[in-house]
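Everything below concerns the one structure shown next.
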Amino acid sequence: MRSAIIADLKKDMQKILNNISNESVPYLFLLPCLLILGSLLSVPLYKVVEYSLYDNVIVQKNPSFVGLQNYKEILSDTAFWKATLNTIIFTVGSVIGHLIIGTSLALLVNTDINPKARTLFRSLLILPWIFTAVVVAVNWQLLLNPFGIINYGLDKLGIISEPLDWLGDPSLAMWSLLLISTWRGYPFIMVSFLSGLQSIPKELYEAAEIDGAGFFGKFWHVTIPQLKPVIYGVALLDLIWTFQLFPLVWLTTGGGPGRTTEVLSTMTFRYAFVNFEFSQASTVAVSILIISAAFTIFYLRNEKSKI
Amino acid sequence: MSKIDIKNLVKYFGPQKILHGIDISISKGEFCVLVGPSGCGKSTTLRMVAGLETISGGEIIIGDRVVNGLKPRERGIAMVFQNYALYPAKTVYNNMAFSLQLSRINKNIIDEKVREVAKILDITDLLDRKPATLSGGQRQRVAMGRAIVRDPEVFLFDEPLSNLDAQLRGQMRAEIKLLHQRLKNTVIYVTHDQVEAMTLADKIVIMKDGRIEQQGTPDDVFHNPQTLFVASFMGSPPMNLISAKILKDGIKIKNSEINFKKSSNLKIDKSIIFGIRADDIRLSEEDKSGIPVKGFVNLVEQLGTENLAHFNVGENNFIGKTNARAKLKLNKEYSFNFNMKHAYFFDPETGARIS
Amino acid sequence: MFFKKIFTLIFAFSFAWTINASAKTEIEWLQWFAAENTRDFYEGLVDEFEAANPNISVKLVTQPFGKVRESIVTDSAVGVGSDVLGLNMPWTTGFLKSDILEPLDKYMSKGSNSFKTENLVQAPIGKINGKTWMVPLNAFPFVMHVNMDLVKKAGFSKPPSSWSELKEQAVAISNLGDGISGIGMPLSSQPPSNGPILTFLPLLYSNGGRIMNGTSPNFDNAKVVETLNFINDLKKSGAMAPGFASRTGGVDLEEFIAGRSGFLISPGVHASAVATRNPDLNYDLVRVPTNGVNAYRVHGWELGIASKSKHKEEAWKFIDFLLSKEVNAKVAKASRALPGNLDSLDLVSGGATPVMKTQMNILSGDEPVEELRQAPSAVASWSIMTEEMQSMLRGDQSAKEAATKVQSRWLDLIS
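If you read the sequences in order, they're chains V, P and B. Mind the numbering: the first sequence is residues 1 to 307 in this note's numbering, read in order. Mind the numbering: the second sequence is residues 308 to 662 in this note's numbering, read in order. Mind the numbering: the third sequence is residues 663 to 1077 in this note's numbering, read in order.
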């Protein structure tokens, strides 16, 4: 009697173990990836937050815990708020530029032209995105050099009489930066839109044409509504990426002239690797994180209802 | 409402000539159906009238205006698409009101018109819904509503019922017909379904390979086909078409002879194609009139209301009709009566009707 | 039993491995020098050293100049790092604050050294907090490069030697038009934004001025204001190339090489860049135009030992090797600079070009000045100087205001 019960128990245990191993196999496959990604993401994140709560991390062996002192300091620092404002201007400006140029070019590339020509243009128009930030920065510095080709062209056209210092004049630097950023980033929008555009049934445009919609009417009433989900998704990504964008700003203006183009990411780098003030740098970095996260949550919550 | 004249319409796609000179005259309030197999050019013709395709040659006149070169919105047309083409992001109301909104017409007038049309089509309770939440039939009605609201000179339908199931199709067909009787609009309707053509049209235009095979009333086209193609295209089941030879007092189909009083323009010994509708072939038992021909039944299709009997006379296959209750055995020989008064003869080379 | 066997095997193997490994000491040399000389020169030096010292192997860790400073700090924080460090004098105070460098006094006093301390270029070995922290591998003075073609075209026969001559010639050259300017001012905010120390400091020193008072910043003084006014004057009179706020040191050099600048104030090593890139340029090298004093800003590549190094003796052996007369002469030639060990000068001067000879004269005759080694938050202070000078040149503030601002901001920074 007893041996029968034990045998039964053994069978049940076997079944349970089998079940566990069956169900857990997928998780086991995921485990290495989760471990690596998790540690690569979570450890630095934790560390940076930790650094922001101490004073003189890294440069001193035993940094002292100061709690939220660093945060209080940067919140009362006008340079921090100026950098935040610059970052917002830069981000919003860039994304608007990307959207306008990217959409226009997507519409242009989507028209009925010779397919070979269309492929050629599509490839050419994607190029700015492919170059690394360094290449883009150096390239535009040469173009925007006071004796560079852009000034030369403008001078020949009679638009300016003296060479303009695009990256060195405080009133021009941000605009120049926006120009460079727009040029660099529009392909992402363009490509996303192109695929969206191609999924819009041609008949909708024909119906709109018959209903009396002109070019703009068709764009507004047919294209945009169909692309709304794409626009929201892509704009969000672009906003987040541009908000933290570092190389392009650092390598073209370095935050100058005179900090007029200083954004939060360059401020972080400057604190860290120029001044070696790693605590302050971590604090600014965490503030970037908080702002990005808050914005994303707000954005997604708002859009969930719309899409 | 306006009349439409299509004069010598020609269309090239690149080097390919798609339409070889189409001439159609549609009078005010007439329901004209363009029908034919895929690739015959009927949709192309319709889209050229709409202004969605360019015109390579010829003229399209709506009312008394030559509309070549005019944009679709300037032509006074409205179109119902095969896939409805409703604006997915707009409500039914806004779908219907869209064109009026674009013309900056007073909001109250728009409201009046939209509700009026919605009432006609019985879609008033759908006005606040989006197209994605509607069924196929409802969407089709909204598409028609959108067209009707515009009060155009011409309505264009591009295979509007092709996406619906058979039962719904029949229902919508009737609705379209009723609507036409009520609104008395000029319509060009494209379909590949000859049943739709027959039931809806005042005038049928049968097209093939970019040419008009025949145009006329349904009756005309059905009972008086001018070409082999028309004869075989119209009618279900299709007309029986057999090669035969003219004899002095009849025709010879391979080894059988059918004797009847032939007309004088049939030359003796001439090879022709002999056509006769299934409806004019009956079991000799059921119908005493006509010329009896013996054949072996090889298939019986039961339609419910009647049966289609497939039988072969020698090597030739015929389809005839019998009562639903007739019980035919396979591979047995039966006698069928051919009503030769309704026989057609076609020239085998040109396809033209001889008699 | 099986597992036990495996463990024992692994244990034994690794033991043997470490024993074998510890027979030879490996030291790391972190520098940027090899990046500027890609012909395996430094690898060759390492081979030579290892041949003479079979118990020591040297691992060359080469990084771009900008990265080296970061690496030293972050490596030290983590607890790893190289043993021998390539150093730049302005980095000193920052490193001292974090205890990164090992004092070299006890090594310098060794009798077995291949060099004599009094023969070394003095600037980097000056004591801070009573200790020596680095030794010079090579040295170069800041000089003024001259485009003689433009000078002659502007109507002069020889390069300027005083401030007033400099202004006169620079204005005349700018008036030649066609995109040509007398002199450039590389005041870009882009990192490292070291424009002020490239151009302003040399001029200041030839005016007998200083920006430091011992180890405290002293930017707000009469000589500094006078020098700033001179630079402002150059701008107002049209002698300066447009676009100073976006002009980097690199661009400054490029413009000179391309023949679009009359004068360039920069390290003497750039002479070789000019010679290789544009041999057709009618080029001359002179000391920085003086306003009464013959002093030059001295710069160079230095060597130090990491305080966390576990092989300090071996590290010093390598440094000693690099400072020995023959090796140091080789390094000087390869880097187109002057040797840190002045004893090697005669080895270097044999076959030296006139340009090199001029530099050597300056090096041995004029007064060398190096302040940034003692300057607190040196690198960060350059951004401040750059920004205030930009503002001055734009006309937003006077030279006096700029100087005052720099001083107060700098003090803020180090407090």
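C-beta atoms are modelled at their ideal positions from N, C-alpha and C, and glycine is treated no differently. Keep in mind it's a predicted model, so treat the numbers as computed, not measured.
Using a Cβ cut-off of 8 Å, pull out every chain V residue sitting near residue i, in sequence order please.
i	result
threonine 1015(B)	None at all; the shortest Cβ gap to chain V is about 31 Å.
methionine 386(P)	Glu206, Ala207, Ile210
threonine 736(B)	Ile58
glutamine 852(B)	Trp250, Leu251, Thr252, Thr253, Gly254, Gly256
So which residues on chain P does residue i lean against when the C-beta distance must stay under 9 Å?
i	result
proline 201(V)	Asn390, Ala392
To the nearest angstrom, how far is the alpha carbon of residue i from that of residue j?
i	j	result
alanine 551(P)	phenylalanine 625(P)	13 Å
aspartate 840(B)	alanine 1061(B)	30 Å
valine 989(B)	alanine 713(B)	14 Å
leucine 965(B)	leucine 707(B)	15 Å
alanine 994(B)	asparagine 1023(B)	15 Å
isoleucine 919(B)	proline 1038(B)	34 Å
isoleucine 495(P)	phenylalanine 388(P)	12 Å
leucine 105(V)	proline 115(V)	16 Å
phenylalanine 65(V)	glutamate 50(V)	9 Å
aspartate 1074(B)	alanine 1040(B)	13 Å
glutamine 1021(B)	leucine 1007(B)	11 Å
glycine 217(V)	phenylalanine 405(P)	11 Å
valine 249(V)	isoleucine 126(V)	21 Å
alanine 935(B)	methionine 847(B)	19 Å
glutamate 381(P)	alanine 213(V)	11 Å
valine 230(V)	glycine 196(V)	7 Å
Would you say residue i and residue j are within 8 Å of each other, going by their C-beta atoms?
i	j	result
glycine 1002(B)	asparagine 800(B)	yes
serine 642(P)	serine 591(P)	yes
leucine 507(P)	lysine 484(P)	yes
glycine 102(V)	phenylalanine 193(V)	yes
glycine 348(P)	methionine 514(P)	yes
tyrosine 704(B)	histidine 807(B)	no
leucine 947(B)	alanine 933(B)	yes
valine 730(B)	tryptophan 694(B)	yes
arginine 476(P)	leucine 468(P)	yes
glycine 602(P)	glutamate 640(P)	yes
methionine 546(P)	valine 528(P)	no
glycine 930(B)	phenylalanine 802(B)	yes
proline 821(B)	valine 833(B)	no
proline 379(P)	glycine 346(P)	no
Note down, in chain order, every chain V residue with its Cβ under 9 Å from the Cβ of residue i.
i	result
methionine 308(P)	Correct list: empty, because the minimum Cβ distance to chain V is about 18 Å.
arginine 380(P)	Glu209, Ile210, Asp211, Gly212, Ala213, Gly214
glutamate 1049(B)	Gly256, Pro257, Gly258, Arg259
isoleucine 334(P)	Reading off the sequence, residue 334(P) comes out as serine, not isoleucine. Here the premise fails: no neighbours, minimum Cβ distance about 23 Å.
Can you pull the chain V neighbours of residue i, defined as C-beta to C-beta under 7 Å?
i	result
glycine 841(B)	Phe147
lysine 778(B)	Within 7 Å Cβ-Cβ: nothing; lysine 778(B) doesn't reach chain V, min ~35 Å.
lysine 759(B)	Val59
alanine 1042(B)	Val274, Asn275
glutamine 1052(B)	Pro257, Gly258
Residues of chain P with CB closer than 8 Å to the CB of residue i, please, in chain order.
i	result
histidine 98(V)	Correct list: empty, because the minimum Cβ distance to chain P is about 23 Å.
glycine 217(V)	Leu409
leucine 227(V)	Per Cβ cutoff of 8 Å: no residues; leucine 227(V) is ~10 Å from chain P at best.
valine 222(V)	Tyr394
In chain B, what lies closer than 7 Å to residue i by C-beta?
i	result
leucine 40(V)	Within chain B, no residue comes near leucine 40(V); the closest Cβ sits about 17 Å away, beyond 7 Å.
Mind listing the chain B neighbours of residue i? Cutoff is C-beta to C-beta under 9 Å, in chain order.
i	result
proline 163(V)	Gly841, Pro904, Gly905
#### Entry: Secondary structure, beta strand (DSSP E): runs of 3+ residues fully inside the stretch 498–564 of chain P
510–515, 518–523, 547–554, 557–560
### Message
Any contact between the stretch 686–694 of chain B and the stretch 719–726 of chain B? By contact I mean 3 or more CB pairs, one from each, below 8 Å.
### Response
yes
#### Entry: Complete beta strand (DSSP E) runs within the stretch 990–1072 of chain B (minimum length 3 residues, chain order)
With a minimum length of 3 residues, the continuous beta strand (DSSP E) runs that stay inside the stretch 990–1072 of chain B are 1029–1031.
### Query
Is the number of C-beta pairs between the stretch 433–450 of chain P and the stretch 463–480 of chain P that are closer than 8 Å three or more?
yes
#### Entry: Sufficient close CB pairs (3 or more, under 8 Å) joining the stretch 887–901 of chain B to the stretch 776–790 of chain B
no
### Task
Enumerate, from N- to C-terminal direction, the unbroken alpha helix (DSSP H) stretches of 4 or more residues contained entirely within the stretch 928–979 of chain B.
932–939
### Task
Could I get the ranges of all uninterrupted alpha helix (DSSP H) runs contained in the stretch 56–102 of chain V, with 4 residues as the minimum, in chain order?
As far as the stretch 56–102 of chain V is concerned, its whole alpha helix (DSSP H) runs of at least 4 residues are 69–75.
### Task
Just list the alpha helix (DSSP H) runs in the stretch 98–155 of chain V, keeping only unbroken ones of 4 residues or longer that don't cross its boundaries, in chain order.
Here the runs fully enclosed are 115–130, 133–144.
#### Entry: Within the stretch 788–839 of chain B, ranges of the alpha helix (DSSP H) (whole runs, at least 4 residues)
810–815, 825–836
### 3-residue-minimum beta strand (DSSP E) runs that sit fully inside the stretch 313–342 of chain P, ordered along the chain
323–333, 338–342
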